[in-house]
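For reference, the structure discussed in these notes is given below.
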Ligand code: ASP
Ligand code: MG
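Residue numbers (our numbering): 4 to 456.
And the structure:
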């Protein structure tokens with residue numbers, strides 16, 4: 004490849020064994036590619052939490068400043084780089100000591116929160132230098148990541164593309180850029196929101212039009228099921244952006260693919276890789292990774308529990324118009340977010356994830372029809388681009404479930420080309436997921452042939 008972005012998360016940098024691996028990964032990338040990788044870093048694990056507390060709780064600052072300093076000093080020492088952060092930590096002490104005795108806000112707060120990423124960028128750059136690799140640490144804002152001024156939730160401006168490209172031209176020097184951080188056009192530090200380093204990596208990668216963006220983290224990609232439910236769950240090697248989004252919605256917490264959108268939109272593949280197990284293939288997320296025609300490809304079985312179903316039956320509504328509109332108007336008015344929907348001529352069932360506001364809504368729904376509420380449910384989603392539209396998938400799923408006598412309460416198929424979802428009682432979800440994981444062949448990653456009829 005010509006050039007890639009490598010983003011390392013907090014646990015990849017904050018544990019000495021992982022940091023050492025990360026450095027070796029950067030070096031081997033440098034040896035293989037035409038140009039040095041651009042490295043985007045998070046703060047060391049736990050560092051941003053300390054800084055948030057420091058910003059919010061003035062009377063704990065002395066203790067927190069000491070803990071933050073010691074975390075970085077000791078980590079540098081354990082990594083064989085004693086003294087590497089002395090200058091950066093001296094700056095930090097001045098900043099910490101100068102804090103006014105009140106909770107921090109806006110620009111002041113963001114400048115402080117950026118300290119975590121600034122220190123880890125300094126650490127990585129000096130660790131590379133100690134290995135004889137040319138490297139330079141960058142505050143992302145100074146490198147050109149210009150944002151609006153919404154402190155704590157800043158968004159990069161289009162102008163930052165050209166600026167990043169100008170200050171980070173292809174070269175043999177590794178640029179180590181702070182994730183999570185940007186700056187306004189008048190030079191004030193901003194932050195992009197918690198977990199924002201993935202977004203930084205995608206934005207920088209898109210601006211530089213790199214060949215690939217690697218997100219190095221602590222799992223080997225997005226998995227075919229929750230490993231606590233299915234011990235033999237495996238990383239899914241290829242995912243489309245939509246599939247990854249569905250999985251994230253169902254709680255695959257590796258990363259939210261929305262944060263990768265800037266890269267995916269520009270057709271740059273994103274790989275999720277495990278720093279502690281770099282030999283694992285991980286997951287590759289692209290705009291499209293469709294199964295070949297005539298095959299389906301179930302990627303993952305996801306689920307979400309704590310679901311409530313609400314059914315409204317109204318025989319008065321038979322042949323009348325406006326029934327669904329009235330029902331949804333009530334949900335909207337009470338700010339209830341509806342997930343699955345199934346309807347018949349005289350009834351509608353919806354599922355809700357968050358029932359705050361439901362009691363008030365029920366009073367209104369009772370004016371429309373008879374209402375039944377069932378809680379303790381789970382949505383199980385069979386996720387795979389194109390899978391739900393394949394002949395035979397639904398048949399296979401529900402005959403498998405019938406075989407272990409798991410009653411299915413609601414089914415939703417077809418609206419999304421990506422997932423076939425159904426609702427079961429919470430206590431049946433684990434058995435259903437394990438069975439489908441095996442029965443749909445998710446242990447192997449070959450696409451399944453559609454049955455010929
Ligand atoms: N360090 C920041 C956080 O903990 C950003 C990131 O790690 O993505 O939220
Ligand atoms: Mg993260």
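Glycine included, each C-beta is placed from N, C-alpha and C at the ideal position.
It should be emphasised that the depicted structure is a prediction, and the values quoted were computed from it without experimental measurement.
Which of helix, strand or coil DSSP assigns to residue i
{"i": "residue 329", "result": "helix"}
{"i": "residue 410", "result": "coil"}
{"i": "residue 262", "result": "helix"}
{"i": "residue 305", "result": "strand"}
{"i": "residue 41", "result": "strand"}
{"i": "residue 97", "result": "helix"}
{"i": "residue 399", "result": "helix"}
{"i": "residue 453", "result": "Its pLDDT being 49, under 50, residue 453 is placed unreliably by the model, and nothing is read from it."}
{"i": "residue 189", "result": "coil"}
{"i": "residue 342", "result": "strand"}
{"i": "residue 72", "result": "helix"}
{"i": "residue 235", "result": "coil"}
{"i": "residue 30", "result": "helix"}
{"i": "residue 391", "result": "helix"}
{"i": "residue 334", "result": "helix"}
{"i": "residue 446", "result": "coil"}
{"i": "residue 423", "result": "strand"}
{"i": "residue 314", "result": "strand"}
{"i": "residue 92", "result": "helix"}
{"i": "residue 65", "result": "helix"}
{"i": "residue 248", "result": "helix"}
Extent of the continuous alpha helix (DSSP H) to which residue i belongs
{"i": "residue 123", "result": "118-133"}
{"i": "residue 533", "result": "Outside the displayed range of the chain (4 to 456) lies residue 533, so it cannot be described from this structure."}
{"i": "residue 14", "result": "13-17"}
{"i": "residue 300", "result": "Neither: residue 300 is in no alpha helix (DSSP H) and is coded neither H nor E."}
{"i": "residue 436", "result": "429-442"}
{"i": "residue 222", "result": "Premise fails: residue 222 is in no alpha helix (DSSP H) and is neither H nor E."}
{"i": "residue 275", "result": "Careful: residue 275 lies outside any alpha helix (DSSP H), inside the beta strand (DSSP E) at 273-277."}
{"i": "residue 54", "result": "50-59"}
{"i": "residue 287", "result": "Premise fails: residue 287 lies in the beta strand (DSSP E), 286-289, not in any alpha helix (DSSP H)."}
{"i": "residue 365", "result": "361-369"}
{"i": "residue 355", "result": "Note, residue 355: premise wrong, no alpha helix (DSSP H); beta strand (DSSP E) at 350-355."}
{"i": "residue 169", "result": "162-170"}
{"i": "residue 205", "result": "200-210"}
Residue i Cβ short of 7 Å to ligand 2 heavy atom set
{"i": "residue 342", "result": "no"}
{"i": "residue 221", "result": "no"}
{"i": "residue 45", "result": "yes"}
Any non-hydrogen atom of ligand 1 within 7 Å of residue i CB
{"i": "residue 12", "result": "yes"}
{"i": "residue 112", "result": "no"}
{"i": "residue 199", "result": "yes"}
{"i": "residue 182", "result": "yes"}
{"i": "residue 358", "result": "no"}
{"i": "residue 144", "result": "no"}
{"i": "residue 119", "result": "yes"}
{"i": "residue 65", "result": "no"}
{"i": "residue 51", "result": "yes"}
Presumed contact (8 Å Cβ cut-off) between residue i and residue j, rounded CB distance
{"i": "residue 36", "j": "residue 9", "result": "With 8 Å as the limit, residue 36 and residue 9 do not qualify as a contact, their Cβ atoms being about 11 Å apart."}
{"i": "residue 223", "j": "residue 152", "result": "Rounded, the Cβ-Cβ distance is 39 Å, inconsistent with contact."}
{"i": "residue 305", "j": "residue 253", "result": "3 Å"}
{"i": "residue 289", "j": "residue 358", "result": "About 37 Å separates the two Cβ atoms, so there is no contact after all."}
{"i": "residue 193", "j": "residue 186", "result": "6 Å"}
{"i": "residue 163", "j": "residue 149", "result": "4 Å"}
{"i": "residue 506", "j": "residue 124", "result": "This structure does not reach residue 506, given that the chain is present from 4 up to 456, and the question cannot be answered."}
{"i": "residue 248", "j": "residue 238", "result": "Not a contact, Cβ separation roughly 17 Å."}
{"i": "residue 51", "j": "residue 119", "result": "5 Å"}
{"i": "residue 210", "j": "residue 168", "result": "6 Å"}
Limits of the unbroken beta strand (DSSP E) element including residue i
{"i": "residue 379", "result": "373-386"}
{"i": "residue 243", "result": "241-243"}
{"i": "residue 181", "result": "177-181"}
Closer than 8 Å to chain B by CB, residue i
{"i": "residue 383", "result": "Annotation note: the requested chain B is absent from the structure, which comprises a single protein chain."}
Per the contact definition of three or more C-beta pairs closer than 8 Å, is the segment 143-151 in contact with the segment 78-97? no
Under 8 Å, with one C-beta from each stretch per pair, do the segment 318-338 and the segment 367-380 reach the 3-pair mark? yes
Could you check whether the segment 122-130 touches the segment 69-82, counting it as contact only if at least three pairs of C-beta atoms, one from each stretch, sit closer than 8 Å? yes
If we count Cβ pairs, one from each stretch, closer than 8 Å, do we get three or more for the segment 9-18 versus the segment 43-54? yes
Are the segment 343-354 and the segment 391-409 touching, with three or more C-beta to C-beta distances below 8 Å? no
Inter-stretch contact at 8 Å, needing at least 3 Cβ pairs: the segment 423-439 / the segment 376-388: yes
Hey, is the segment 54-67 in contact with the segment 103-117, meaning 3+ C-beta pairs nearer than 8 Å? yes
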